[in-house]
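Before any comments, here is the structure.
Chains as they are written, first to last, in my numbering: chain A, 1 to 475; chain B, 1001 to 1475.
What follows is the structure, encoded as structure tokens:
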């Protein structure tokens, strides 16, 4: 085995299946070791199991013991904007006027390489503090921002998905570019960054309302020429945007604007999807495409309540990631995203259960809206990985996966946490249910403080107690 | 002037009027000193103004300088449950089943004086960490909890409103009591605690659906016998509860169940009011009664979206406090309450603006739903005080008021705060707009960490850096 092996001993919690498939016995989707061992080799998982068993086999491997914490796969943020790091929580506007007032002016600054570098540094350090180890991100219309993004991601050796963000209408002069330039720059960036280290490239038409048919066509061409890259965009975020998009592209619904250019399929993600019809959910499901559910943003911009239970209909289950959508989302932490996702589900559940006409009630959809801790943490780990077709690389602790993980302190956070958690578990979680109960409190009462450490490819890049995140060995 | 005077120097922000009355020029409702002085005498405000002016008059008074912070009146939490401190963020149920599954079993523990004391201690320390200096609280059906509440409040010399919580139906055996016992115990507690120090008493029928006509009648009798006490209860939280209440009490709407027993008027607060009709808002306004808006709870339990802009209609403005409603609310911090209040307003705004039928749009109501930092922080300070008819005692820094205040650190919170705030204000806030911009970021990106210190009657009871809250001098 040699010297390259190392191991982490602690309490481990990860997933092997989608908990929505196990209604009433969701614990079957999870894997829990009250005393576990994660054996690492060159940043990947060599073996994972109980300490009692594995320590026999790996007796001479140096072990780092992390007691009193729950160790989980790192969080995956399926939808976030690099250049909105500084303007999260900006006042008073819904989507379209908010873009004009706050977003485009800030994003323009990322054409300056120094600002783009500083913004990217801030961005990744916020992610690491939040326990987010993978993100799918928008940049700006300017290649400078996309280069800065991948450079800073590479320094930290993080698995990321991003791309130059195409917009050639619905933005002020200087905040967009032509389809022709977008094609040329995307091609160059894609060839440079896709599968370069852990980087992955996404053709990124910003949103259909901001893209002319010419822009959509070059996206289609890029996808034809490079079928293994991603498509990352927005869809059906607000009623006004949805209506205008349908009018502009002369399609029956919002999804059809992307279908028209053959963009919808595996490795396509549409952010939001608040106003998708049942029919659009069905087409998304059958195509293998994904939606990124961004509850913090949907509430902050007043966009509406995503129909989680509808998207998870077993007849047409749509692949989902959860996204912070910073800066439409006002917080980086995926724990805060789970807080608002739970609330969105509960409001939807009330609407469904409370309907006066029993013919329009759907109690099984209402049940699927309930974001249990299993469903929640699956969604930001293995579920997010599946939505990005990365389940062979990240999302749980199966042997061969890349060792990105987060160390959670179930007593950290506001003062109320300690006494609250002590009612659930006296000392240490002994069962999967114990751990799930602690995780639910983390998502509803905790926040970024719950993240004690964040590890990337077996390297500790963030530790709460030691303050500032470090860079990977490539620093 | 003598030795009893002391003073605080720093950046001050408070309110002199309701910002909803100043659409487009909300800064007229606020008072800001970039370099101010707050002179204290025996726990009260002796004088308040700019340092340049007041330091001439109070030159020999010892001054504590608090730099790089915004000092505001303490936060007022209009609706919170003492005995739910430990069960905040409990999984999976809407109001009525949530009460049965989580709440009543926990509340029963407060019949043990030791548990009630420990619970009260935890409760007040959480409030102080959150910057909350006044609350209106529910206890349990057992006088043991009410006694513990007032004893712990008295130790900290906090201005609080509370009372024995009456419930004689809709609860399991052991979690309720008879109307007769409630009358006797309330009478005794009221005579002991009302206006004893800073304590104030509220006759507290839990909610109309949990009260028989006999219970309502003894509440009426208590109010007749003691007209200067408070009435604290719940109203129209969920559709199911509202429907059942109307059926049970044979009234036209929920409010009428309280009106029937002459409980509605000044010093009446109904928590929630999510499903109030326009007509009920009108009657509340004309009676001088108040609603406590609890957005964190309304989202957590899926109860719905409070119509803030309707309640603030200038034709019938309802007095409002904001409440955390812990444990229906999953966070103690009133800063988190403002986060969710903003989101509730934005969702309502979208609904109003997005209506297809322009005849049913109400753009002025939509505008009133926008929770600016002025409206937000007024609501949890002077606005909350007015809803409790305590504006002569607390809520701002007018001379003669009790010196409860909170010291806010505009850079504290998640890592994202520092860079985000630096775009708004380079160094120190110089104008009222600067300060309001920082306050908006505090409410959307900050949390309890934004609270650096909490002072009660001129004594520092909590300091973030020094950890555990201290008790007042009476310890």
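In this text, a Cβ means the ideal position worked out from N, Cα and C, and glycines have one as well. All figures in this text were calculated on a predicted structure; none of them were measured in a lab.
query	result
Cβ contact check for the segment 1004 to 1012 of chain B and the segment 1023 to 1041 of chain B: 3 or more pairs under 8 Å	yes
Proximity of residue 361 of chain A and residue 355 of chain A at Cβ, strictly below 7 Å	yes
Short Cβ contact (7 Å threshold) for residue 115 of chain A with residue 109 of chain A	yes
Contact with chain B by residue 460 of chain A, beta-carbon distance below 7 Å	no
Segment contact, 8 Å Cβ cut-off, at least three pairs: the segment 24 to 33 of chain A with the segment 341 to 356 of chain A	no
Span separating the alpha-carbon of residue 358 of chain A from that of residue 349 of chain A	14 Å
is_contact[residue 420 of chain A, chain B] using C-beta, thresh 7 Å	yes
Pair within 7 Å by beta-carbon distance, residue 1395 of chain B and residue 1385 of chain B	yes
Bridge partner(s) assigned by DSSP for residue 1395 of chain B	Partner(s): none; residue 1395 of chain B has no beta bridge.
As assigned by DSSP and simplified to three states, the class of residue 1312 of chain B	coil
Counterpart residues of residue 1141 of chain B in DSSP-defined beta bridges	Per DSSP, none; premise fails for residue 1141 of chain B.
Between the CA atoms of residue 351 of chain A and residue 436 of chain A - distance to the nearest angstrom	27 Å
Reduced DSSP category for residue 1225 of chain B - H, G, I as helix; E, B as strand; rest coil	helix
Close-in-space but distant-in-sequence residues of the same chain around residue 74 of chain A (CB under 8 Å, 5 per side omitted)	131, 132, 133, 134, 381, 394, 404, 405, 406, 454, 455, 456
Residue 409 of chain A versus residue 182 of chain A - alpha carbon distance	44 Å
Contact with chain A by residue 1145 of chain B, beta-carbon distance below 7 Å	no
Pairwise C-alpha distance: residue 76 of chain A and residue 186 of chain A	24 Å
Straight-line gap, residue 165 of chain A to residue 1152 of chain B (C-alpha atoms, nearest Å)	57 Å
Inter-residue CB distance, residue 327 of chain A and residue 79 of chain A (contact presumed, cutoff 8 Å)	Not really, about 12 Å apart at Cβ, beyond 8 Å.
DSSP beta-bridge partners of residue 1162 of chain B	B:1137, B:1201
Residue-chain proximity (residue 1105 of chain B, chain A), Cβ-Cβ < 7 Å	no
Opening and closing residue of the alpha helix (DSSP H) in which residue 16 of chain A lies	Per DSSP, residue 16 of chain A belongs to no alpha helix (DSSP H) and is neither H nor E.
Below-7 Å beta-carbon distance, residue 239 of chain A vs any chain B residue	yes
Residue 1001 of chain B burial status per 10 Å Cβ neighbour count (16 or more: buried)	With a pLDDT of 43 at residue 1001 of chain B, under the threshold of 50, the modelled position of that residue is not reliable, and the figure given next carries that caveat. Under this definition residue 1001 of chain B is an exposed residue.
Segment limits, beta strand (DSSP E) that includes residue 452 of chain A	451 to 456
Buried or exposed by the 16-neighbour rule on C-beta atoms within 10 Å, applied to residue 422 of chain A	exposed
DSSP three-state assignment for residue 1077 of chain B, whether helix, strand or coil	strand
Cβ-Cβ distance between residue 1241 of chain B and residue 1209 of chain B below 7 Å	yes
Near-chain A residues of the segment 1439 to 1466 of chain B - C-beta to any C-beta below 7 Å	1440, 1441, 1444, 1445, 1447, 1448
Neighbour-count burial assignment, residue 126 of chain A, 16 or more Cβ in a 10 Å radius	buried
Where residue 315 of chain A falls, given that 16 or more other Cβ within 10 Å makes a residue buried	exposed
Cβ-based contacts, 7 Å cut-off: residues of the segment 398 to 432 of chain A near chain B	414, 415, 416, 419, 420, 423
Any chain B beta carbon closer than 7 Å to residue 371 of chain A	no
Local conformation of residue 8 of chain A per DSSP, three classes	strand
Buried or exposed (CB count within 10 angstroms, at least 16 for buried), residue 1257 of chain B	buried
Members of the segment 25 to 42 of chain A near chain B, C-beta cut-off 8 Å	none
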